[in-house]
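Chemist: Just passing along the structure, written as structure tokens.
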Amino acid sequence: MTSAFLIVAAVLVAVVVLVIALRRRGGTIDREAYLIVKTGSRMGLRFQLVKGKTMIGSQEDNDLVLTDARISRHHLMVSYERRVFLVKDLNSLYGTFMDGKRIEKQAVSSGETINLGEAVELELSVLN
């Protein structure tokens, strides 16, 4: 095999590995977006959403760690799919609420709040 062929093959393998990694990670968000902690021990924190899937909970392996009472180890996931933000409860014990109703999966818009187990309130802020 020629060295040019080997270089092309190596580049193709690298691209495939990168695409797989981005899909597992959820890709990236094409706008500036934040979760703002409105209540709880981390009140005032602005957490920038940069991955297509953001895990939230009390365990250290989450992207956003909230150690308040009534926050499950893996409480919820915020995802960005087809230019829409979605909130998905991950079978948390105390639940995830929007507009006073317990939700399993729901779209969320800028300015809306998400309540986690009556312990923490998050607000989605999308700037562009």
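So for the sequence shown, this note's numbering puts the first residue at -8; every next one is plus one.
We put the CB at the ideal spot given by N, CA and C, even for glycine.
Note that this is a predicted model, so its numbers are computed, not measured.
(1) Please check the pair Thr87 and Leu107, which I expect to be a contact at CB under 8 Å, by giving their CB distance rounded to whole angstroms.
(2) When the Cα atoms are used, what is the spatial distance from Lys96 to Phe(-4)?
(3) Can you tell me where the beta strand (DSSP E) with Met68 in it begins and where it stops?
(4) Can you confirm whether the region 26 to 36 touches the region 89 to 103 when touching is taken to mean that 3 or more C-beta pairs between the two stretches lie within less than 8 Å?
(5) Assign Ile94 to one of three DSSP states: helix, strand, or coil.
(6) Have a look at Arg37, Ser(-6) and Arg22 and flag the residue whose alpha-carbon is nearest the alpha-carbon of Phe76.
Modeler: Taking the geometry as given:
(1) 6 Å
(2) 47 Å
(3) Leu67 to Glu72
(4) no
(5) coil
(6) Arg22
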